[in-house]
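To start, the structure under review is shown below, and the notes come after it.
Number of protein chains: 2
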Amino acid sequence: MPSTKTQPARGMRDFLPEDVRKREYVIGVIKDVYERYGFEPLETPAAENIETLMGKYGEEGNQLIYKILKRGVHEGTGEADLALRYDLTVPLARVVAEYRDKLPKFFKRYQIQPVWRADRPARGRYREFYQCDVDVLGSRSMIVEAEICAAVGDILETLQFENFTIRMNHRKVLSGLLEGFGIPFDRQLNALVTLDKWEKIGSGAVEVELQKHGYSLDETTNLVTFFGKLTDRKVRSDRITVYDWDLFSEVRNQYNIETLTHLYQFPSEDEEFFKGVQELATILSLGQSPAKPRIEIDLSLVRGLSYYTGSIMEIGVPDLGGSLGGGGRYDNLVGMFLGQEVPACGFSLGLERMIVVMNERGMFPQELVSSPADVMVTIWPYKDAEQKLTATKDSLAVARILRNSGLRVDVYPVRNAKLGTQLTYAAKRGFPFVIVIGEEERTRGHVVLRNMKTGEQQAMSPHEVVSLVRGK
Amino acid sequence: MPSTKTQPARGMRDFLPEDVRKREYVIGVIKDVYERYGFEPLETPAAENIETLMGKYGEEGNQLIYKILKRGVHEGTGEADLALRYDLTVPLARVVAEYRDKLPKFFKRYQIQPVWRADRPARGRYREFYQCDVDVLGSRSMIVEAEICAAVGDILETLQFENFTIRMNHRKVLSGLLEGFGIPFDRQLNALVTLDKWEKIGSGAVEVELQKHGYSLDETTNLVTFFGKLTDRKVRSDRITVYDWDLFSEVRNQYNIETLTHLYQFPSEDEEFFKGVQELATILSLGQSPAKPRIEIDLSLVRGLSYYTGSIMEIGVPDLGGSLGGGGRYDNLVGMFLGQEVPACGFSLGLERMIVVMNERGMFPQELVSSPADVMVTIWPYKDAEQKLTATKDSLAVARILRNSGLRVDVYPVRNAKLGTQLTYAAKRGFPFVIVIGEEERTRGHVVLRNMKTGEQQAMSPHEVVSLVRGK
Numbered sequence: 003m004p005s006t007k008t009q010p011a012r013g014m015r016d017f018l019p020e021d022v023r024k025r026e027y028v029i030g031v032i033k034d035v036y037e038r039y040g041f042e043p044l045e046t047p048a049a050e051n052i053e054t055l056m057g058k059y060g061e062e063g064n065q066l067i068y069k070i071l072k073r074g075v076h077e078g079t080g081e082a083d084l085a086l087r088y089d090l091t092v093p094l095a096r097v098v099a100e101y102r103d104k105l106p107k108f109f110k111r112y113q114i115q116p117v118w119r120a121d122r123p124a125r126g127r128y129r130e131f132y133q134c135d136v137d138v139l140g141s142r143s144m145i146v147e148a149e150i151c152a153a154v155g156d157i158l159e160t161l162q163f164e165n166f167t168i169r170m171n172h173r174k175v176l177s178g179l180l181e182g183f184g185i186p187f188d189r190q191l192n193a194l195v196t197l198d199k200w201e202k203i204g205s206g207a208v209e210v211e212l213q214k215h216g217y218s219l220d221e222t223t224n225l226v227t228f229f230g231k232l233t234d235r236k237v238r239s240d241r242i243t244v245y246d247w248d249l250f251s252e253v254r255n256q257y258n259i260e261t262l263t264h265l266y267q268f269p270s271e272d273e274e275f276f277k278g279v280q281e282l283a284t285i286l287s288l289g290q291s292p293a294k295p296r297i298e299i300d301l302s303l304v305r306g307l308s309y310y311t312g313s314i315m316e317i318g319v320p321d322l323g324g325s326l327g328g329g330g331r332y333d334n335l336v337g338m339f340l341g342q343e344v345p346a347c348g349f350s351l352g353l354e355r356m357i358v359v360m361n362e363r364g365m366f367p368q369e370l371v372s373s374p375a376d377v378m379v380t381i382w383p384y385k386d387a388e389q390k391l392t393a394t395k396d397s398l399a400v401a402r403i404l405r406n407s408g409l410r411v412d413v414y415p416v417r418n419a420k421l422g423t424q425l426t427y428a429a430k431r432g433f434p435f436v437i438v439i440g441e442e443e444r445t446r447g448h449v450v451l452r453n454m455k456t457g458e459q460q461a462m463s464p465h466e467v468v469s470l471v472r473g474k
Numbered sequence: 003m004p005s006t007k008t009q010p011a012r013g014m015r016d017f018l019p020e021d022v023r024k025r026e027y028v029i030g031v032i033k034d035v036y037e038r039y040g041f042e043p044l045e046t047p048a049a050e051n052i053e054t055l056m057g058k059y060g061e062e063g064n065q066l067i068y069k070i071l072k073r074g075v076h077e078g079t080g081e082a083d084l085a086l087r088y089d090l091t092v093p094l095a096r097v098v099a100e101y102r103d104k105l106p107k108f109f110k111r112y113q114i115q116p117v118w119r120a121d122r123p124a125r126g127r128y129r130e131f132y133q134c135d136v137d138v139l140g141s142r143s144m145i146v147e148a149e150i151c152a153a154v155g156d157i158l159e160t161l162q163f164e165n166f167t168i169r170m171n172h173r174k175v176l177s178g179l180l181e182g183f184g185i186p187f188d189r190q191l192n193a194l195v196t197l198d199k200w201e202k203i204g205s206g207a208v209e210v211e212l213q214k215h216g217y218s219l220d221e222t223t224n225l226v227t228f229f230g231k232l233t234d235r236k237v238r239s240d241r242i243t244v245y246d247w248d249l250f251s252e253v254r255n256q257y258n259i260e261t262l263t264h265l266y267q268f269p270s271e272d273e274e275f276f277k278g279v280q281e282l283a284t285i286l287s288l289g290q291s292p293a294k295p296r297i298e299i300d301l302s303l304v305r306g307l308s309y310y311t312g313s314i315m316e317i318g319v320p321d322l323g324g325s326l327g328g329g330g331r332y333d334n335l336v337g338m339f340l341g342q343e344v345p346a347c348g349f350s351l352g353l354e355r356m357i358v359v360m361n362e363r364g365m366f367p368q369e370l371v372s373s374p375a376d377v378m379v380t381i382w383p384y385k386d387a388e389q390k391l392t393a394t395k396d397s398l399a400v401a402r403i404l405r406n407s408g409l410r411v412d413v414y415p416v417r418n419a420k421l422g423t424q425l426t427y428a429a430k431r432g433f434p435f436v437i438v439i440g441e442e443e444r445t446r447g448h449v450v451l452r453n454m455k456t457g458e459q460q461a462m463s464p465h466e467v468v469s470l471v472r473g474k
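Taken in sequence, the protein lines are chains G and V.
Quick note: the first sequence uses our numbering, first residue 3, plus one each step.
Quick note: the second sequence uses our numbering, first residue 3, plus one each step.
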């Protein structure tokens, strides 16, 4: 008996045909939309030099990076010189630095590849998972934000996601607000981490946690009052089941205008703060359908403590803890490789999350989950060896005609099986049609096409088979 | 200044947009053909438990496998628990063992994924490269070989490869021949390794090497005489430049028949040998166009010392050292995981080799290597802020209409650039069309479409743009 385990490595997954088809369907939509928005594809290696990745994702990231042993005589040292891709943004920054002379002034790329993180596996959290990123490098204009939101909105609409929300905030606005409440930049970290939990834990718990972090009673009260006033009036999109988009768009627009009004009235002297507010206003103003009615300014959105320096955004649907994707503007990351700042803004869609939701809600087209091929061709079970060979040749020749017309065709891959065995196999696999070529048909250049659902069967030419099966 | 290197890891590659497009074009053809032959997609994780891979590829393989360090507190031990995928066959065998109850009796899968080998990098040899595999599990019939050859032939023809040859041999025939020359199974290894070099080093050098390996003068002379007689008469497909396929097919067929005749006449009592000869004859007999006229029995083909147990095949084109792909029948591999033999036959196409040849011979369709998008929309450079915002909105709205009609559209992503700057950028990027929306057009709901090749420009509605650009 073999002793080897046959499961995939912990936290990783095998994708059987139906799984692959679903994944490729979603990836196909994402690619198509990004191409229509003028993004171009980029791919980078699974492994990077270890120094490219280390120190880019904080202490926790360093722990979660998969490291690859040196090879050959150095294997025994236990040292690593390579590491598996941890996200698609750091490799992008490296690529931009490496090929700056070859790349256009404005580099719009999409990248759809797996990344690896040695996280504790949990429901919907895997150690190998796909990210679908778009980024625009080289422009500081909010056109970029507007275009990215429109593209992501297009993708989700095409996939039949309905009530998704694009939450939008701005790092400079957040910073300016905290500063306005007397919390200078170097004391903002814990406050931001706490605010980020607002949606999850509520205002009361946020208040407690802020005080635990040492913020004064005044600071805490002011913060919670200000954010509370705004978030309490938030548009509860999960409550809405019938979509009059024009009306809903008005409601959400009203909320956004109120929020902007609060921000414009905020007693601050910080120019960066008002620049941030103006950028949020511009994104809303440039917003295109279908993203436009989905955008909602949410001042409690923080997006972790990552490299963002301007706008931040996150997309969610009701009932899904966590988001379907997020992104924002980061103007310093490329500089870590290039030694020169390059303005950048991007968005990352989480393929696995999208698929979880689409599976739960039955959003995949039926044809993806049905038959492995359009037709199965049987082989007439002659006893005589020569006749059997001729029958096999005929079946292969018929398959060839159908394949040349674009049909997906399987041929039963055994020459001495009874017809009943072949038909039972076809039924079990779910082929919608089966072709039988008996003595009589053979002499007339015909085949019998059997509809496996209805049991009907009819003799016809291979070319008639093509149009009949296509018509279904 | 940043100190980090910005090159990809040694032996690995970044793929910029044009590279990705070429790769996806080839992969698209491969997928499409395999689907039409009733193969279904499978994907497995990049990393496998280390014991799944170790010992499956010989001592050299063990050295070339990338090993991943344990994580967390175990990182310091320098031990590895995972390893990067080394080929697509061992993961397939694992999958078949793991999901045997879910998979059909005949499992026909294709898999197109990267593998990693810590080989010394050389021209056309990378440490990360794609394999495109098809395998059929569960059938011992030569229908499988015939179908695989036809599918691979279809792929190469679709990609415009012309004079490729499918060399075909059989492990049991090879074994039987050597046995017939007095070399029993346990002494065949070195003879096979030497015979494998026939094409490269010629009969004289083979003779010398056989004697160096300790084969007697008799054994050596008999072997070289027999193989020489066959290979000297080989059809030199590289000499042929005009393809009268019917004629050429006859010539090659004649050669195959002569070879089979020699084999049928070979003085052997080994049943397995004649079973092998019969299988070769059946594959030829079942051969379908376009593979049929390409198949050539080549008794000097050995295909390394891998896991093959029956038919072996390899595809090559003239001028290319090495092959475009190869495969064969292996009936014992799945058993290493399942504890039960499963008949299997497969073929692996080397994506990188195919792309090297296609690049050298200019075989990629022109549209793949041209423009990053169909149209670029400019933004009219008003000075006034409000007018500028309106102009931007208009440009985004026009882009939206074109994108909804399926065009790939870029919008110049900066709002304060002179029109000349925008047009220069468009020319440099190679967009075939540019849209300009001036004051006059705007009021009439029109845009100006500029053909960047001819310099012609014309006012029209966005919908007229769609049909005009599509028509090109």
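Just so you know, even glycine gets a beta-carbon here, dropped at the ideal spot from N, CA and C.
None of the values given here were measured: they were computed from a predicted structure.
Buried or exposed, going by whether 16 or more other CB atoms sit within 10 Å of the CB of residue i?
i, result
"V:His448", "buried"
"G:Arg305", "buried"
"G:Ile203", "exposed"
"G:Ser302", "buried"
"G:Gln424", "buried"
"V:Thr456", "exposed"
"G:Lys24", "buried"
Roughly how many whole angstroms lie between the Cα atoms of residue i and residue j?
i, j, result
"V:Glu354", "G:Pro47", "14 Å"
"G:Leu322", "G:Asp300", "18 Å"
"G:Val22", "V:Gln113", "10 Å"
"V:Ala293", "V:Lys395", "56 Å"
"G:Leu232", "G:Gln190", "20 Å"
"G:Asp120", "G:Gln65", "Note that residue 120 of chain G is Ala in the sequence shown here, rather than Asp. When rounded, the distance between both Cα atoms is 8 Å."
"V:Ile437", "V:Leu18", "27 Å"
"G:Ser5", "V:Val210", "Low per-residue confidence applies at G:Ser5: pLDDT is 48, beneath 50, and the placement is therefore not dependable, though the value from the model is reported in the following sentence. C-alpha separation (whole angstroms): 44 Å."
"V:Arg111", "V:Ser350", "12 Å"
"G:Thr196", "G:Tyr266", "24 Å"
"G:Lys214", "G:Lys58", "29 Å"
"G:Ala95", "G:Pro10", "32 Å"
"G:Tyr310", "V:Leu370", "35 Å"
"G:Thr79", "G:Glu130", "27 Å"
"V:Asn36", "V:Pro269", "Contrary to the premise, residue 36 of chain V reads as Tyr rather than Asn in this sequence. Computed Cα separation, rounded: 41 Å."
"V:Val400", "G:Tyr27", "28 Å"
So, are the CB atoms of residue i and residue j less than 8 Å apart?
i, j, result
"G:Gln459", "G:Leu470", "no"
"V:Tyr88", "V:Arg15", "no"
"V:Cys151", "V:Gly289", "yes"
"V:Gly155", "V:Lys107", "no"
"V:Arg296", "V:Phe163", "no"
"G:Asn224", "G:Phe183", "yes"
"G:Lys69", "V:Leu71", "yes"
"V:Ala375", "V:Phe433", "yes"
"G:Val136", "G:Gly348", "yes"
"V:Lys174", "V:Gly278", "yes"
"V:Arg12", "V:Pro116", "no"
"V:Ile157", "V:Val31", "yes"
Name the DSSP beta bridge partners of residue i, please?
i, result
"V:Ser495", "The requested residue 495 of chain V does not occur in the structure, where chain V is confined to residues 3 to 474."
"V:Leu84", "V:Asn51 and V:Ile70"
Are there three or more Cβ pairs, one per stretch, closer than 8 Å when the stretch 412–419 of chain G is compared with the stretch 145–164 of chain V?
-> A contact exists between the stretch 412–419 of chain G and the stretch 145–164 of chain V.
Okay, do the stretch 36–56 of chain G and the stretch 79–90 of chain G touch, 3+ Cβ pairs below 8 Å being the bar?
-> Per the Cβ contact rule, the stretch 36–56 of chain G is in contact with the stretch 79–90 of chain G (3 or more Cβ pairs under 8 Å).
Three or more C-beta pairs below 8 Å linking the stretch 333–349 of chain G and the stretch 90–104 of chain G = In short, these stretches touch, since the Cβ pair count reaches three.
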